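Residue numbering for the sequence shown follows the numbering used here, beginning at 4 and increasing consecutively. These notes are about the structure you will find just below.
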Amino acid sequence: TFQPEHYVIQMAAEHDYRGFYKKEMVDGRRQIFYYDYNSGDYLPLAKPKFASVQMVKQVDDPRQRLKTILGGTDRGAEYAWKSLRDSLIYTFNRIPEVADDVVNIDNAMRWGFNWELGPFEAWDALGFRKVTERMQADGLPLPAWVTALYESGQIGRIQVHPADPDTVYVAALGPIFGP
């Protein structure tokens, strides 16, 4: 509920951003302190350190870096997964608006935003089935074409119809060893 007398509302209304944080010189270095609303004191800002992030600093290959960080179990790895997952789902839903095929989307992200891997290259690097199963386990709705690809068993090429975004052409095989 909106409480106009709340200290945060009062500070924002007065443009008193010093209420949220402050900077001071400590031992000749500038240090940032944040306002802890539970204690009412300013506490020094500490940068979080995550084992998964420390591990990927040693890896040069972007595909292996993704696998390494997403294989972690700390909060940094969880944040990386949710960030990638949400970017992928957004990309899945925007294919027909942005480009007619996944290659051009990957190129746009690499060239325009300086990504080392495009979203579909990342999906491929991590494994289509593994990523799709993890998204399903998170309970997120996936586009019908992603679900259909997952159920087909084998995927070759994906092409979105340029005039009808609901039409996706896929070169997919059914299960290779089975009826």
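Where is the CB? At the ideal position from N, CA and C, for every residue including glycine. Computed from a prediction, not measured in an experiment: that's the story for all the values here.
- When the Cα atoms are used, THR76 and ASN41 turn out to be separated by approximately 29 angstroms.
- If you ignore the 5 residues before and after TYR153, its C-beta comes within less than 6 angstroms of the C-beta of THR135, all in its own chain and listed in chain order.
- Comparing alpha-carbon positions, the option among PRO7, PHE23, ALA54, GLN61 lying closest to LEU48 turns out to be PHE23.
- Per DSSP, the continuous alpha helix (DSSP H) segment holding TYR93 begins and ends at 78-101.
- Three or more Cβ pairs closer than 8 angstroms define a contact, and the segment 60-67 falls short of that threshold against the segment 82-100.
- Scanning its chain for C-beta atoms nearer than 7 angstroms, with the 5 sequence neighbours on each side dropped, one finds around SER90 the residues PRO122, in chain order.
- ALA54 sits exposed, since fewer than 16 C-beta atoms from the chains shown fall within 10 Å of its C-beta.
- Look at PRO65 here: in three-state DSSP terms it is helix.
- Around the beta-carbon of LEU46, fewer than 16 other beta-carbon atoms lie within 10 Å, marking it exposed.
- DSSP places LYS26 within a strand segment (E or B) once states are collapsed to three.
- Closest in alpha carbon position to TRP148, among ILE92, MET58, GLN61, is ILE92.
- Bridge partners of ARG33 according to DSSP: MET28.
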